[in-house]
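In the order they appear, the protein sequences are chains D and P.
Count the first sequence with full-length UniProt numbering and you get residues 1 to 124, in order.
Count the second sequence with full-length UniProt numbering and you get residues 1 to 124, in order.
No residue lacks a Cβ here, since even glycine has one placed at the ideal position from N, Cα and C.
Note that the structure is predicted; figures quoted are calculated from it, not measured.
There are 2 protein chains.
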Amino acid sequence: MLPGVSVYTPGQVVEETGFSLDTLRYYERIGLLEPIGRNAAGQRRFTQEDVGWLGTIRCLRDTGMPIAEMLRFAELVRKGDHTIRDRIALLEAHDRRVEAQVDNLREKQAAVQNKINYYRSVVD
Amino acid sequence: MLPGVSVYTPGQVVEETGFSLDTLRYYERIGLLEPIGRNAAGQRRFTQEDVGWLGTIRCLRDTGMPIAEMLRFAELVRKGDHTIRDRIALLEAHDRRVEAQVDNLREKQAAVQNKINYYRSVVD
DNA sequence: ATCCCACCTGGAGCACACTCCAGGTCAAGC
DNA sequence: GCTTGACCTGGAGTGTGCTCCAGGTGGGAT
């Protein structure tokens, strides 16, 4: 293989990103990914940039951003550099939600731990 | 109102727990709540204990426990005190998942924040 | 040549957790 | 006595995010 621009097969992208092949196709279909390049046989060949974008998607998904909002973000990215302030605003709003989410998680987790400790005190 | 055992109307439980009336009925239907007591007209009257249990449900739900597992937990509670060790095991396993979830959230949030900072550096 | 495997498409199906609806009951206030 | 509003039931519908399927292509190893 010529080491030109580095290119990934679907299988390699599944490996790298943890998204299933079906999910990758789904993301392309709904426009979360730009149309992925193809080889002569019509098979997808992902660029480094595609894989990087999928890393971003992974962060946003894992922090609970709905797909609809990721689509809005993708749209901003597509529109070019003059949307950077909007992207900051979108990500900051998301970041605040993540913060709240972590706080709530921690609070409820503490309650679960109290319950565990109560049960331990009963059982000992 | 006689201040006997304290009793809650559906509306009051919605208020207290943040679950919708439909969700409360749904939880009763699937057996996550024991059958709720009724007044003469067939309307639900929740006890303090029901509301307390709903608080537990709220913690488990908010920390991402699937309903199927909450059902298993409810089952253990129903079966009585000899299941306390099993309950501890179930909650500890859940607690570990919550811990992992928070860690992942924090990690991905940091990446989002890096992105924000990068965008800020571009825009400034 | 043949087999296998990774990949392709369009479209249907699924799991989860609710949420809504039609049609009805009852009690309280005007 | 009528309206309003909170509540009831069984059952259907919804949104989200995938996931699976049938039927087919093309390339590399044996």
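Can you tell me whether residue i is buried or exposed? The criterion is at least 16 other CB atoms within 10 Å of its CB, across all chains shown.
| i | result |
| --- | --- |
| residue 118 of chain D | exposed |
| residue 170 of chain D | Outside the shown range of chain D, which is 1 to 124, sits residue 170 of chain D, and nothing can be said about it. |
| residue 50 of chain P | buried |
| residue 109 of chain D | buried |
| residue 29 of chain P | exposed |
| residue 17 of chain P | buried |
| residue 21 of chain P | exposed |
| residue 68 of chain D | exposed |
| residue 82 of chain P | exposed |
| residue 74 of chain D | buried |
| residue 63 of chain P | buried |
| residue 44 of chain P | buried |
| residue 87 of chain P | buried |
Looking at the C-beta of residue i, does it have a partner C-beta in chain D at a distance below 8 Å?
| i | result |
| --- | --- |
| residue 92 of chain P | yes |
| residue 111 of chain P | yes |
| residue 102 of chain P | yes |
| residue 30 of chain P | no |
| residue 124 of chain P | no |
| residue 63 of chain P | yes |
| residue 50 of chain P | no |
| residue 72 of chain P | no |
| residue 116 of chain P | yes |
| residue 22 of chain P | no |
Where DSSP assigns a beta bridge to residue i, which residues make up the other side?
| i | result |
| --- | --- |
| residue 46 of chain P | P/8 |
| residue 38 of chain P | P/44 |
Between residue i and chain P, is there a C-beta pair that is closer than 8 Å?
| i | result |
| --- | --- |
| residue 120 of chain D | yes |
| residue 76 of chain D | no |
| residue 98 of chain D | yes |
| residue 105 of chain D | yes |
| residue 108 of chain D | yes |
| residue 16 of chain D | no |
| residue 85 of chain D | yes |
| residue 88 of chain D | yes |
Please list the terminal residues of the continuous alpha helix (DSSP H) segment that includes residue i.
| i | result |
| --- | --- |
| residue 20 of chain P | Run containing residue 20 of chain P: none; DSSP gives neither H nor E here. |
| residue 74 of chain D | 67-79 |
| residue 95 of chain D | 84-123 |
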